[in-house]
Structure formats: structure tokens, C-alpha cells
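Asker: Protein chains in written order, with full-length UniProt numbering: chain A, 1 to 753; chain B, 1 to 753. We put the beta carbon where it would ideally sit given N, CA and C, even for glycine.
(1) For residue 6 of chain A and residue 126 of chain A, what's the separation of their Cα atoms in angstroms?
(2) Is the CB of residue 711 of chain A under 8 Å away from at least one CB in chain B?
(3) Check for me: the alpha helix (DSSP H) holding residue 403 of chain A runs from which residue to which?
(4) Does the beta-carbon of residue 419 of chain B have 16 or more other beta-carbons within 10 angstroms, so that it is buried, or is it exposed?
(5) Please classify residue 239 of chain A as buried or exposed, where buried requires at least 16 other C-beta atoms within 10 Å of its C-beta.
(6) Which word fits residue 479 of chain A, buried or exposed, when buried means at least 16 other C-beta atoms lie within 10 angstroms of its C-beta?
(7) Would you kindly check if the distance between the Cβ of residue 503 of chain B and the Cβ of residue 494 of chain B is under 8 Å?
(8) Have a look at residue 298 of chain A and residue 417 of chain A and give me their C-alpha separation to the nearest angstrom.
(9) Distance check for residue 571 of chain A and residue 172 of chain A, CA to CA, integer angstroms please.
(10) If the cut-off is 7 Å on Cβ atoms, which residues from the stretch 370-397 of chain B count as contacting chain A, listed in chain order?
(11) Which parts of the stretch 452-478 of chain A are runs of the alpha helix (DSSP H), unbroken and 4 residues or longer, counting only runs that do not cross its ends?
(12) Please work out which residues of its chain come closer than 8 Å, Cβ to Cβ, to residue 68 of chain B, disregarding the five sequence neighbours upstream and downstream, and give them in chain order.
(13) Drop a sphere of 10 angstroms on the beta-carbon of residue 26 of chain A, count the other beta-carbons inside from all chains shown, and report buried for 16 or more, exposed for fewer.
(14) What first and last residue would you give for the beta strand (DSSP E) that runs through residue 443 of chain A?
(15) How would you write the range of the alpha helix (DSSP H) that residue 144 of chain B sits in, first residue to last?
(16) So which residues on chain A does residue 176 of chain B lean against when the C-beta distance must stay under 7 Å?
(17) How is the alpha helix (DSSP H) around residue 648 of chain A delimited, first residue to last?
(18) Out of curiosity, what's the CA-to-CA distance linking residue 383 of chain B and residue 76 of chain B?
(19) Taking 7 Å as the limit between beta carbons, can you name the residues of its chain near residue 452 of chain A, skipping five residues before and five after?
(20) Flag this pair as touching only if the stretch 371-379 of chain A and the stretch 581-589 of chain B have three or more C-beta atom pairs under 8 Å; answer yes or no.
(21) Measure the alpha-carbon distance for residue 531 of chain A versus residue 348 of chain B and round it to whole angstroms.
(22) Between the stretch 277-290 of chain A and the stretch 262-269 of chain A, are three or more C-beta pairs nearer than 8 Å?
(23) What does a CB cutoff of less than 6 Å around residue 176 of chain A pick up in its chain, not counting 5 residues either side in sequence?
(24) Considering only their Cβ atoms, is the gap separating residue 455 of chain B from residue 442 of chain B smaller than 8 Å?
(25) For residue 447 of chain B, which residues in chain A fall below 7 Å Cβ to Cβ?
(26) Consider the Cβ of residue 735 of chain B: report whether some Cβ of chain A lies at a distance smaller than 8 Å.
(27) Name the residues in the stretch 432-463 of chain B whose C-beta lies less than 7 Å from a C-beta of chain A; which are they?
(28) For the stretch 505-529 of chain B, list every residue whose C-beta sits within 7 Å of some C-beta in chain A, in sequence order.
(29) Might you give, ordered along the chain, the residues of its own chain that have their beta carbon closer than 7 Å to the beta carbon of residue 612 of chain A, omitting 5 neighbours on each side?
(30) In this structure, does DSSP put residue 164 of chain B in helix, strand or coil?
(31) Would you identify the three-state DSSP class for residue 116 of chain B, choosing helix, strand or coil?
(32) Hey, out of A:227, A:262, A:338 and A:350, whose CA is closest to residue 123 of chain A's CA?
(33) Can you give me the C-alpha to C-alpha distance between residue 324 of chain A and residue 246 of chain A, rounded to a whole angstrom?
(34) CB-CB under 7 Å to residue 103 of chain B, same chain, minus the five flanking residues each way: which ones, in chain order?
(35) Interface residues of chain A around residue 164 of chain B at Cβ under 7 Å?
(36) Can you tell me which of B:287, B:179, B:561 and B:485 puts its alpha carbon nearest to the alpha carbon of residue 521 of chain B?
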């Protein structure tokens, strides 16, 4: 491995602690690596691709000095990295065409060659492991053209996107308006030729107030020359038709200078993700052609007449557009697994190497491995398990979205409104819960590294700061639970009204698990304000080691909490406004939405493992690997049971006397997983190049790495004679020499000021 | 207020939202300000002092560009700020001499004039609101000389400290050793004259391994010319006498160059606190005089003979030394209140101004104030209440430490071992809980500001990153619970053994509240592994609004959880090693220690308010102010009851059926406090200069402030023609022009790499 370019700092001898961990790992990490990648071939392709980037003779992809650079340098270097990446890809002529299983491009793949790029781009840029400013071009801008623009528009714009003549961003959020899209203020007003517009009519884009300035869009500040601007459409008769999308040129394609009436800039330093030029934009009477409005689902003609595009195919298409947007959330969920696993890898390897506290039992009086402390295990092992759970769920949700999309394209009628609502609730619940868990988890991994976790060279600081945005983008995690509950409450209504036909629509959805419990609970409902009681109850200590029992508890937990929300809302409607009733229920909604997310994560994990077991030898996973992943599943369920214990006690699904047994089972689950901890990290196959961490190195040789990073700091590099620091000559010298006034005792008082 | 220099950006008209909040505030914020400062005079002194710093004609104290500076610039400018501060203080001849109530300097105030400086320094530097590199000189180095060095040593070194000839730091932590001080590896080996040492003997300081390099000490990297080094003392006979303190010169007082055998440097960028030159140091055969060992409690003579200093007075003195160290923790607790209150001020003012979501009930269809959402209230109001609770507790703990110190100095016998252990448990529990709560709370305030909370100009990013270290310094928050429980378990033992005499020692301690419940619980203890049941139980909904009932619940919670720990330990000793038994109990210990901290915080809050009420008109607080602070207390108790509900359900102090009533009481408590939220922030009297926040401005005019901050970013400032970004010429230009290779379709495959 010492010649593997993915390990840039020459690996030294593997630390004795890590060597011991690895030799006692009860499974083969590489089998899990293959499973995560999809196949052994995919693993070696990924490794080759990463090596190829690292070996690039320009050396530009090195991340060694990230920690010491000012954000201006990071941004400009990231631009250079990006252009070099394009150059590399073009010279190698690589890419991969994505087609559906029947060999046809799917509806969104009108330009398959271009659409393939985002996926390839995502892979390549994730391997380069440094955010690249034009990211939003592929992630938001091109998908928007593909879903909302008509065929003619796509034919004109997509080749320009592919050739980077057009570098785009997606400009929705405004300075004063985030989650509530209906409140956006930017206007696009139609002007007919008779009103002085160019032939065919024009739109005039305006930012009427300071709060309407676009603010936050990635790539907008300095990089993009076009923006897909979300604005209120004012038609030829002056009627406000609500928000629509408009392709607005921002900068000259010739010299990148701002076009008349456009002002953009970077929004300034953020907690993380500072390579990116998130931007602001102000529009003052900017004129664009009529056909720069995205016209797939609505049109405006030369006379300024607004019309919705009708027809069955387009209804499906509008669902597809919706599904496409949800895929962004699904990608966020899926990528959370990787971010959390990186943090766990760093913290767990370090905890295996770091020693603290005397071991009175040991013959050589050595200190304990930090990983052997129960608190450290309680902090790290469930997070490690969660990183796998999120992988399974992310994979499942992406597959389901793809399936729904394909069904819609093929015109199958199975995709009902309930199915679309269901996947909306699922992605909302999982996005909110998985990203909160991941953001908090990364930070906890950082804290679990003690003092050294504060060092930027730990790799955890930038990992955390870059990830944090995921809690807020694509639906703030605090807002999403309402959307989840909104959908789930409709199921409760159907159950309450005994509408069995309607319930059939809920079969095969992610809400299916709630039907049976809800029917039983509604039958028994007291509706006197006391919490709904679970119909499943732990009755013996042994049940805590049984995953199917644990899943039943989580199933009833969602059902009970959800029914309580429904009843609370129904009851308070009688005494206050719907708005007030809803507001007073928000905290209960969060709990119920969290319960839904937990159940889905555990269920997908369990089902995913079952699928692999059924594949037999066709699975990348052998018996030992499914066994260790099953231990992860069990530990995670027990951990959540303990963490959210009040939910389970409230629904009386376990009694107080069983709590110590549940906690013993948790300790046992940690003991079982302990020997596999390092192996489960190794299985993710994050190279040292990607981890960028002195603490998480594969070889465990952390201390020389920390000192090396320290010595590279400009404060040390730029010292003058004999290590004297910057600022000594200007400041300290005079003070020490006694030249900065004289100490006059303590007779003075505040009144002298 | 518009001419107040503490509000550097000219205040615009107060936003209508904040004006409305202020006009409906049901109490006088300024009264609380006076109370927090100590008196109306103290308030005006503080304001004058702050204005004086801000108005300094050099303008060096401006923090306007902090966000855009590289850490090297921040460090060197902070050095310059520090020297200017000294110059200002000297020229004004200000300071304040601290004496005890009887007019005598206390034992630690051997050099009252110097000791007074840290407190003044703390105040001044907190008002300058930018960490200053030599901070550790006053915070750790000088106190160490005062507590551990003998009179002769103090007489020699303290004047040098005062005159900044000697700039010191405290070098304890090593690269491989943090919390476990016994494992430190640095050695100080005694050399007699006969062994080639200078007259009187010398110490040779060595870093025998890489893991023994000093690492982390603040001020060590570049600023300090002396360090108090903690090292293993090897006496003249070669016997290891454990860790002792040694004053080691690091740099020449003439030209600041490193002395022979010493290597120091900065440890590199950290998550925050980057003005500071936290440092590393390696010692290679560094010789220092024999008398550079701190000799108050132990001596080594010229022959290398080690001797402990004995005697009653010195036993008290050693307790004083211990108390002094605990005062550092108490300061950390106390300063947490301010940090958390700053974050709350920013988030709450912004939440009052930020609007989101349509209000169907409102006539003008305006959006809601974000602060009216229940989730936002649940996030922010308890934190606001906690910031006040921590203030009361911090004040109480500091006063108690001072009282104990004074008693020790005056030779009173009331300061028993139990008292010292008690204050140790209290500071450990509170430091761990209050700093965790504050760190998480600041981050939650940041997230509660949605997207704009990610901006560095929110003020929350640096506030959070600077604060985070508090969770790890002076005892890692994960380690401290063991120390708490260690002390508390001794009380349980006394109760279990029925030793009534011994229990008398626990009266008047912070553990007193546990005696009675423990006696009753031990009498009833089942000891069959089921959780201990509380003897207090909520029986009616009305009790949740009664603070004394809530306090009883918290009282029994600690007692039950503590007794469970004791019994679990006792039971598992039978089947496993003490080490294993202890390890398996760590999670339960955390819960019990948290319970202890919560009770103390609530009790001190309640007692503090009672004291003010008893003072009558002598108190700064009027009826309205104590009323609103009582609402804070009640809300906080209910919030913790909800947050830690599983503890209370486990001890059966409330039944599941009462949960909805508890939550209704919580909603009502939030409703009651809602009109006071902005007023309680204003009462902290943080100027705009100190908050450094576009979102938390006093005038609420946030959006222009955000744009102004954005435009100041170097990425915008350094743009070339027409706002074209840096990096365009080098990178994008060629790409857009088509000069970076050609798109060759998707025929390529991975195999081309």
C-alpha cells in the first residue's frame, strides 16, 4: 500500500494498536467495500479514478495546504482545479452514459450525453474532495432546464451547458425569503413589442426591494454567467401568475463582465463551504427574450397571454419534475452516509491509537485505548452503525425514486397521488433526521477526539463545517416535519373514517407499516387527552436482542405519536384557530416525524440485509459481513430506544423495571461490535488523500503527522530569526524593553476615563 | 443612543418589530442590567470603559474586518491590540486593588497590585472582545507562581511579570497526554555541582519522546518567553518524585530568540481561538537553576534531597492552591452565561425581525415573526432562561470559593475534607453541564437563524468556534462526571452505613439536598436491579407550574439515579473487576452527574431570586423583574423535565398520563415569557461593538448590514474590471472560449485511465 498514491504521506509501520485491531477483525472489510461500491470491479475503478486525479502531473489536486490558505486563494485554486478536471476528462474522453434497464433514455435524459455528466462529475469531484465553485451548474441548473424547459429550449441551451459557454446557477432564495417560496418578491414583467420590447416580447426582471435581492445561490457570485431566476410572473395584462423560472444572462460570454442592470457578488465568508462563491444578485430593469421563460408547463405568447400546458402526459411530466427535485434530497441523504462514515473513521481509528488512564489490570501498566471506555463506545459505535443504516436507506430511496420515475415515463397508472405524497413524506422525514443526525454526529466525533479534535489537521473541522449546510438547504430540518405530518395525517383520517378502499392506496407505500397499528389503536382510542398506549410491549429482557421485536416497538411508536398529533389537533380546533392549533402541535409533530424516519432507517437496513442474504453467493457480503452488519442494526435500534426512551415510556411499550435490561442489552451490543469497529471503518475505503486527517491515518501514526501539520503553519514558516514570531518587532519588543509607558500602581480609578 | 460609540455602525430607525417588542416589554431591562453588573454605578463604569477602548484614536480595536483576515494577520494584530491596551491602562493609571472584606489582602494576594490586574485585564479584554495572545500570562502563569512558589520566588518573579519582562504560559498538556496528568513524560532531572551543574545545582529539562512534547498551551508558541513547565521530578538519587512545576526560560528577554535546547512553535489552525498562539515545545537538555522549581510545598536542596513542606498552615495553603485551580473552572462557568446570552440576543432579535410563513389571520397578509413559532420558542427561550440560571450559579460558586478561601486563610476549622470534595464535585458537575449546554446552545442559536446563521457576519460562527474549547479545557466534559460521582458515592456509603455523625459533615454542602431523600430511599431500597422509585410524585396538572414541586422532582431524580449507580457498582463488583464495573457504570454516572448539575442550577436560581426579594428596595430588581426571572426559572425546569423525561419516567416521578399536562404547562410557560424575550436580551446590554453581528443589531436593521458585510469580502473588493472575479483570467476564460480540450461524447470508459 505504501506506493498507492491515495496515501500521499508515506505510510509508516502500522501502529501496533491498529495492527491488533485489524488482525482480530472477525470479517473481511474488502467484501463490504465491494458491496458499498456495487461490485469488485466498481471498487477498482473508483480506486483507479482517484489515483488518476492524485497523480495528475500539475499537482493541483493536492489538499495538503487547505488549512493555511485564505478563502480567496481557496476559491481561485478551486476554480483552477475544476478547469483542470474538465480538461483531464476531455483528454481521456471518459464518461458513462446512463440508460434505463430497457436501454431507453428516460424522459429526463433528453440529452443523455449531458445528463450523464452530473453523475460522473459528482463522482470525480467527490474524489477530488474539495468543493468546486461551478457545482451548482450540474446539480441544479441543468436539471432545471431538463425538467422545466420545453424541447426547443433544451435543444438550444443544453449543448451550451455541456461546452461551458453557459455556466449556470439556480437563483431562488432571496435575502428576506427562504423556505416560504410563495413570498418571493423578484418580478418578471411581460412587455409587448407595442410597449417597446424587442420582437416577440420581452421580460423585465426587477428586484423591487432589498429583501428581494437573490442571496445564497451557489456559483452565482463570481462564476456563473447565467442564472435560472425564480420570479413572480406578471403577464401582459398585469396579472401576477405566481412564481416561474426565467433564464437570465448575468455576464458577457466574451469577457465575463456583468450585463447592464445586473449586480452580483459573493455573499462573504460562511461557517464552511468557502471555496464556493455563494452569491447575491440585484436586477434593475433587466430585459430578456420572451422565450427565456421556462415553457414546458406554462407559456406566455407574444401578446402576453398566460396559459398552462394541459394534457395527461404533461401531468405525468409535472410529477416527474417533482420527483427530480426530490432526488436532490435523496442525494443529500445518501451523501450523509459518507460524511458520517468519514468522521467515524477518523474518530474510531484515533480512539484505537490514543491511550488514556492507567490500566491497573495490565501487566505493563500501559494506558487504556480510549475506544475501550463505555462513553466513547456509546458516542461512536452507534454513529458508525447509523452511517451504514443511512447508506441502505439512501440506496433504497434513490432506487424507489428511479422506479417511480420510470413508471411515470412508461405511463403506468400505479403512481397515484398517494404514492407521490408518500415519497415526499419519506424524503422529508429522512432528509431532516439523517442530516441532523449526521451534522451532530460529525461534531460529536470531533469532540470525541478530545483536544486534538479542535485542530484543523484532524480533518474533522472542515468536514463538519462543509457538511453543516445540509441541515438547512432543500428544506430546513425544523420545517420539514410539518410536511411529513401533513401527509401522514391523511392516512389517520382514512383510518378514522373507516375508508377501507382509500386505505388500499397506502399499500406498498412507506406508510404501509402504520395501517394495521393505526386501525387497532383507533378502535381502542380513549381520546381523553391521555397518551395513546402501544399494543406492543416488551415483556422479557431477552426481547431486547431481537431485531424484529425492536422494529415492532418502533412501528407502534410512530403510530401512537401520530395518532396523538391527530387527536390533539382535532381537539384544539374546537377552542382555537387552525393556525394556533397547528402551531401548538409543532413539537409533537417533530417527535412523530422523527419516529417515522427512525422506523424507515431500521426497516431499510433490515430489508437490505435480508436481500443480500437471499442472494447467497451472488452477494458481495459473506456470512461474517451480514452478521456484523446485523449487529450494527441491533445496536442502532437499542441506541435509539435509549436516546428516545421517553417516547417509548410514554406509549408504555416498556416498563420502568425493564430499563436496566434494555441498557444491559445495549452494553452487550457494544461489546459485540467493539472488535469490528476498525474493520467497519476500513471497509469504507477512504484513502488518506480523502480523509485529510492527521488523526485518521490508515497507519495510525498520528503524532508525527500532527507535528508536521503544525510546522507547516505560516506563523511558524514566516517567523523571522530563530523562530521569533511575526509581530514581535512591532509589538512585544517595545513592551518587554519597557517602552510602553510605566506601571503606576493601582491608585487610578474608573473615573479617570 | 446614536452617538454612543458602542454602536459603531450608525443605528438606523429601530425596526417596527423590535420597537413593538420593546414597548410591550412588561419590565424594565435596565434594572436587570444593573443587577447583572452589581449596581447602576458599575453599569456606567463598564459602559465608559468600553467606550474608552472603542474611541481609542489608533482605531486598532475595531473588529469590523475580523471575518476577512487570515489568521496570521489576526494574531499579529491581536498582539498589537494587547500592547496598546497595556499602554492605555498605564497612561490612565487605572486598575483596582482587590482586598478581602476585612481590608487585608488574602493569602494569594501576596502582591495585591499584580493580582488585581488579572481581574481588570479580564474585564478590559472581554470588552475589547477579541482574544489576546498573552491571556494565559494572567489566567494561569501568574496564579501558578502565587500558589505554588515560595515568598522569595514570588518576590523575585512577580515584579517581572507585572512589567512584562517575563511573559509566561502554563505548559502542562503533552502531545500524547491530556486529562491523565499522571502519565506526563517530560522530565526534570536534578544535577549536583559535582555532576557538572552550576553552583547550587541545576535541573535538566528533557522531552524524552515525541508524545512528551508540550502541546496546546496558550501563549507558548510565539509570545511567551517563560513557561511554567509541569514535569516529573527526578531527584538527586534518581528517584521519580512525580509531577512538579518548573519555571523554564524559553526565549531571550533581549531579542526573543529561542534559548539553547528549546524548540517552540504554533500548533497550527484550530476550529476557533485562532488569534492565540497555542504552542508546542520540545526540551533537549535545557538547564535551569535549582531554585526555578516551585518550592512552596516541596523543596530539593543542593544535594538533591527531596522534601515535602509540612505543617498545618501549609496544609491549609495546599487547599487554597486547590481552591485557586477550581476558580478557573468557576470562571469558565460564569463566562458561559455571557457567551450563551450573546448567542440568544442575536438569535432572538433576529427571530423577532425575520418573518416567514403567511398569517392567514392577519388583515395585511403579512408573514409571521419567526419567534412566534413554537419550535423556535422551544429552541430559544429555554436557552435564554439557562443563560440567566448560569449567571446565578456562577455568581454563587465564585462567592462560595471566595468564602472557603477566606475561611482557610483565617484558619477556621470549618473547611473539612468534605467541603473541599463538595466544591470539587460542584465545579466539576457544573463545568461539564454548563459548558456542554452553552456550546450546544450557541450552535442551536446559529441553526435557529436559518441560512443567515451560516454567515460569519451573523456573529455566531466566531462566537461558537471560540467558545467550543470550554468543553475540553480544565477537565474534558466527558471525564468530569466520574469525578462528581466519586464524591457523591461517599455520601451514599455514609447513608447506607447509617453513619449519622459523618452525615453532619455534609450539612451546608451542595450535597445536603441529597441526604434526606437518600436516607428514605435506602430504607426502601429493593436492590433487585429495578430502578429506584422516587418518593416524590406529581399528582395533579397544576403542580407543573409550581417551582417548589419541580425542584422536589429534580431533587429525587439525582438521589434515585445516584443510588442506582451505587447499587449497580456494588452488585457488579461481585462478578467482575472494579475497573470493569466502573466502566460499565460510566453512562449511568453521566446521567447522575447531569442531574446533580441541573438541581444546583435550579436551586441557585431560586435562591438568588429569593435573596433579591428579601432585599426589598435595596435590590436592583423590582417586582416586575423578579417576576420575569421567576418565569425563566419555571420554564427552564419544565424544559429540562421534558428534555430528560426518561429519567423522570424511570424513577416514576410522573406517570405517562401526566405527560400531556406537563407539555401544556411548558407551552404556557413559553407563552408567558414570549413578550419578555427581547427585553431579557436587551437587559444584558451587549453593544453592537461586542456582538459583531449583522443579525443581532440593536436596531434590527439586519438586511442592509448583511449586504454591507458581503460587499466587504476580498472576493468582491479584489475583483478586476466590472466585478469579474479573481481566477477568471487564469481559469474560466479559456474554458468558456473552448480552449480546454474538446467534448468527445461518452464513448470513453474507466479503462482508459
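Answerer: In short:
(1) 14 Å
(2) yes
(3) 374-409
(4) buried
(5) exposed
(6) buried
(7) Their beta carbons are under 8 Å apart, which means residue 494 of chain B touches residue 503 of chain B by this criterion.
(8) 21 Å
(9) 38 Å
(10) 373, 374, 375 and 378
(11) Those alpha helix (DSSP H) runs which fall completely within the stretch 452-478 of chain A and span 4+ residues are 460-467.
(12) These residues qualify, in order along the chain: 712, 713 and 714.
(13) Label assigned to residue 26 of chain A: exposed.
(14) Taken as a continuous stretch (DSSP letters only), residue 443 of chain A belongs to no beta strand (DSSP E), being part of the alpha helix (DSSP H) at 417-448.
(15) Per DSSP, residue 144 of chain B belongs to the alpha helix (DSSP H) from 142-148.
(16) 703
(17) Secondary structure note for residue 648 of chain A: its alpha helix (DSSP H) is the uninterrupted segment 645-650.
(18) 35 Å
(19) 458, 695 and 706
(20) yes
(21) Residue 348 of chain B has its alpha-carbon roughly 32 Å from the corresponding atom of residue 531 of chain A.
(22) Result yes; three or more Cβ-Cβ pairs closer than 8 Å.
(23) 211
(24) no
(25) 471
(26) yes
(27) 447, 450, 451, 454, 455, 456, 457 and 461
(28) 529
(29) 619, 621 and 626
(30) coil
(31) Unreliable positioning characterises residue 116 of chain B in this predicted model, as indicated by a pLDDT of 43, which lies under 50. The coordinate reading is nonetheless provided below. DSSP places residue 116 of chain B in helix when its eight states are reduced to three.
(32) That would be A:338, whose Cα lies nearest to the Cα of residue 123 of chain A.
(33) 19 Å
(34) Low local confidence applies: a pLDDT of 35 at residue 103 of chain B is under 50, so the model's placement there is unreliable, with the coordinate-based value given in what follows. Within the same chain, residue 103 of chain B has no close Cβ partners at all.
(35) 735 and 736
(36) B:561
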